[in-house]
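Trainee: Using this note's numbering, the first residue of the sequence shown is number -13, and each one after it goes up by one. C-beta atoms are modelled at their ideal positions from N, C-alpha and C, and glycine is treated no differently.
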Amino acid sequence: MNKEQIQTLIRQQRAYFSTGVTAGIQYRIWALKRIQSWILSHEEIIGEALRRDLGKCRTESFMCETGLVLEEIRFMLKHARKFAAEKTVSAPVSQFPGRSFIKPSPRGVVLIMSPWNYPFLLTFGPMVDALAAGNTVILKPSAYAPHTARLIRRLIKDCFSPRQAAVVTGGRMENQFLLQEHFDYIFFTGSQAVGRVVMESAARYLTPVTLELGGKSPCLVEKSADLKLAARRIVFGKLLNCGQTCVAPDFIYCDRRMKDRLVEELKDQIRLQYGVKPLENEHYGRIINEKHFDRLTGLIDEKNVVFGGKRDRSSLRMEPVILDGVSFQDPIMQEEIFGPILPILTYETFEGALENLRVMPHPLAFYIFTSNRKLAKEAMERLGFGGGCINDTVIHLATSEMGFGGFGESGMGSYHGKAGFDTFTHYKSIVDRKAWPDVPLRYQPYHRLSEAIIRKVMG
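Okay, here's the thing in structure tokens:
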């Protein structure tokens, strides 16, 4: 779309939103059921688009994308009516007689900008929340996942009119056009660099934003951990989507005394889960494009490779790689990896490890493997991060019962479930005051008696 077409689309959605139709609970339920029905009848097509863009197998596509969207829809269909209802709250004596209540209201025209790594989930996850909250939506999927972007456009066109929901495809120019316009809310998932641009653009209209970014999510392995279990779950979380997951364990930080045993367990688990030749495993994905493949290749220092490392640029496939002897000063520790490369760093004391992690930029996720509940609690309390797990990885985001989001450099705001409904909702605080009696105490001129009564009531 060009700039004028985008402006026309926004005007159409704003006009439709102003009719109040989208705020009705029946409309919201209808919209959610439209998406649900389309997904259920086109699951194979969705999986094929994800396979062509990222090499995802059928099981991973459903488990990590389609299935999670369906779960979010089911949650909202169950709870949206309750979430959208007015809530009466207690009123102070000074407002008697009257009723105080909170009225949830949709924000308006919402822009959702989604990334390429989970192109279906990270488009429709927030969209489900936005529709449940009663908004109109404009989607901007990533150009790096073109097959899924076309499928998203088809889904929206089949289910909605452009004044209800629409898709803008394209690249940077379309992003710039969109960010120059006035939206009532912007939801962005992607890199920190682009997140800053989104926030700067939103500031022009004082538009509120949710930024789901990323960062170097640590995986702390303490000496009391079950190393076999830790390795199994770390490999699972790290190699989902070929490592291209915003909450993947970015690096391991383990006790020096058990590092060698952990490395051997990690090697065993990679062989068990992906075979001795991962590049021949049809269930193992690929890197999104040549640009990211070359970036990842440049992060690998061959002298630190202790496992894996074979790669095929023509097919964009890269074996899982374990790096040992890495320090916090190495190039690979200066940026989020976002690929199947796992550096291992070691610490001398648990206290020292926490201090080193504490001064790093806040990551999107933090993981700790330990049998010591006291140490787990200490780490969770002292470190700043978006969310995480004790003795597991990545699964904290796979629920509609908890909000998911970043903290500090890894983002702001959250979604999933009630948190997602809240994100796309403005809560109006309203007092419905009776016309009588109209007590004169609050009006000028004030007297000692009126002040004494006011102090008695409010003190």
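#1: Rounded to a whole number of angstroms, what is the C-alpha to C-alpha distance between Arg37 and Phe222?
#2: If you measure between the beta carbons of Thr385 and Thr196, is that distance less than 7 Å?
#3: Assess contact between the region 129 to 148 and the region 89 to 108, defined as three or more Cβ pairs (one per stretch) separated by less than 8 Å. Is contact present?
#4: If I'm right that Ala151 touches Ile142 with Cβ under 8 Å, what's the distance once you round it to whole angstroms?
#5: Output yes or no for whether 7 Å exceeds the beta carbon distance between Thr122 and Gln(-1).
#6: Under the rule that 16 or more other beta-carbon atoms within 10 Å means buried, what is Phe82, buried or exposed?
#7: State the CB to CB distance for the pair Arg243 and Lys209, rounded to an integer number of angstroms; the pair is presumed to be in contact (CB under 8 Å).
#8: Look at the Cβ atom of Phe110, then the Cβ atom of Val207, and state whether they are nearer than 7 Å.
#9: Is the region 251 to 267 touching the region 337 to 351, taking contact as three or more C-beta pairs under 8 Å?
#10: Report yes or no: do the region 216 to 236 and the region 187 to 196 share at least 3 C-beta pairs separated by less than 8 Å?
#11: With DSSP as the reference, label Ile286 as helix, strand or coil.
#12: Beta carbon of Gly399, beta carbon of Leu350: below 7 Å?
#13: Taking the alpha carbon of His402 as the point to measure from, which residue in Val55, Glu46, Gly311 has its own alpha carbon closest?
#14: Whole angstroms is fine: what's the gap from Lys202's alpha carbon to Lys289's?
#15: Please report the distance separating the alpha-carbon of Gln230 from that of Leu40.
#16: Just confirm the distance between the C-beta atoms of Ala118 and Met62, as a whole number of angstroms; I'd bet it's less than 8 Å.
#17: Kindly indicate which residue of Tyr333, Pro423, Ile323, Asp246 has the alpha-carbon position closest to the one of Leu285.
#18: Give the DSSP-derived three-state secondary structure of Met185 in the structure shown.
#19: Ignore the nearest five residues each way along the sequence and tell me which others in Ala389's own chain have a CB closer than 6 Å to its CB.
#20: Taking the alpha carbon of Lys89 as the point to measure from, which residue in Cys232, Ser415, Leu435 has its own alpha carbon closest?
#21: Can you name, in chain order, every residue of its own chain whose Cβ lies under 7 Å from the Cβ of Phe336, other than the five neighbours on each side?
#22: With contact counted as at least three CB pairs below 8 Å, one residue from each stretch, are the region 270 to 279 and the region 235 to 249 in contact?
#23: For Lys253, which residues of its own chain have a beta-carbon under 6 Å away from its beta-carbon, when the five flanking residues on both sides are left out?
#24: Whose C-beta lies closer than 7 Å to the C-beta of Ser396 among residues of the same chain, with five residues either side of it excluded?
#25: Arg85 lies in the beta strand (DSSP E); which residues open and close that run?
#26: From what residue to what residue does the alpha helix (DSSP H) around Tyr2 run?
#27: For a minimum of 4 consecutive residues, which ranges assigned as the alpha helix (DSSP H) are wholly contained in the region 100 to 155?
#28: As an exercise, report each continuous beta strand (DSSP E) stretch of at least 3 residues that is fully enclosed by the region 250 to 294, in chain order.
#29: Which class does His412 belong to by DSSP, given the choice of helix, strand or coil?
#30: Quick check on this structure: which residue in Thr(-6), Gly120, Tyr2, Glu34 has the alpha carbon closest to the alpha carbon of Tyr13?
#31: So Tyr353 is in the beta strand (DSSP E); what residue range does that whole segment cover?
#32: Could you name the residues of the same chain whose beta carbon sits closer than 7 Å to that of Gln(-7), not counting the 5 residues immediately before and after it, in chain order?
#33: Taking the alpha carbon of Glu72 as the reference point, which residue from Ser91, Ile381, Ala17 has its own alpha carbon closest?
#34: What separation, rounded to the nearest whole angstrom, lies between the Cα atoms of Phe279 and Leu302?
#35: Looking at C-alpha atoms only, which residue of Leu435, Gly181, Gly374 is the closest neighbour of Val233?
#36: If the criterion is Cβ atoms closer than 7 Å, does the pair Leu97 and Phe169 meet it?
Mentor: The structure says:
#1: So the alpha carbons of these two residues sit roughly 19 Å apart.
#2: For Thr385 and Thr196, no; Cβs fall outside 7 Å.
#3: Output reads yes: the region 89 to 108 touches the region 129 to 148.
#4: For a cut-off of 8 Å, the C-beta gap from Ala151 to Ile142 is around 5 Å, short enough to register as a contact.
#5: Yes. Within cutoff.
#6: So Phe82 ends up on the exposed side.
#7: Yes, they are in contact, since the Cβ atoms of Arg243 and Lys209 sit about 6 Å apart, within 8 Å.
#8: No, Cβ-Cβ distance for Phe110 and Val207 is not below 7 Å.
#9: The region 251 to 267 makes no contact with the region 337 to 351: fewer than 3 CB pairs, one atom from each, lie closer than 8 Å.
#10: These segments do not touch.
#11: In the structure shown, Ile286 falls within a coil segment according to DSSP collapsed to helix, strand and coil.
#12: If you check the CB distance, Gly399 and Leu350 do not come in under 7 Å.
#13: Cα-wise, what sits closest to His402 is Val55.
#14: Going from the Cα of Lys202 to the Cα of Lys289 covers about 22 Å.
#15: Distance between the alpha carbons of Gln230 and Leu40: 10 Å.
#16: The pair is a contact, with the Cβ atoms about 4 Å apart (cut-off 8 Å).
#17: The shortest C-alpha separation from Leu285 is found at Ile323.
#18: Residue state, collapsed to three classes: helix.
#19: As written in the sequence, residue 389 is Gly, which differs from the Ala given in the question. Same-chain partners within the cutoff: Ser400, His402, Ala405.
#20: Residue Ser415 is the option with its Cα nearest to Lys89.
#21: For Phe336, the CB contacts under 7 Å within the same chain, skipping 5 residues up- and downstream, are Glu208, Leu361 in chain order.
#22: In short, these stretches do not touch, since the Cβ pair count stays below three.
#23: These residues qualify, in order along the chain: Phe293.
#24: Excluding sequence neighbours, Ser396 sits near Leu199, Gly200, Gly201, His348, Pro349, Leu350, Gly372.
#25: Note, Arg85: beta strand (DSSP E), 84 to 92.
#26: Here the alpha helix (DSSP H) through Tyr2 covers -11 to 4.
#27: Whole alpha helix (DSSP H) segments, 4+ residues: 107 to 118, 132 to 145.
#28: Runs of the beta strand (DSSP E) lying entirely within the region 250 to 294, each at least 3 residues long, are 291 to 293 in chain order.
#29: Strand, per DSSP.
#30: Comparing Cα positions, the closest option is Gly120.
#31: Annotation for Tyr353: the continuous beta strand (DSSP E) segment containing it runs 351 to 355.
#32: Only Glu167 meet the Cβ criterion.
#33: Nearest C-alpha to Glu72: Ser91.
#34: For the pair Phe279 and Leu302, the Cα-to-Cα distance works out to about 6 Å.
#35: Closest by C-alpha distance to Val233, out of Leu435, Gly181, Gly374, is Gly374.
#36: Cβ distance < 7 Å, so Leu97 and Phe169 count as in contact.
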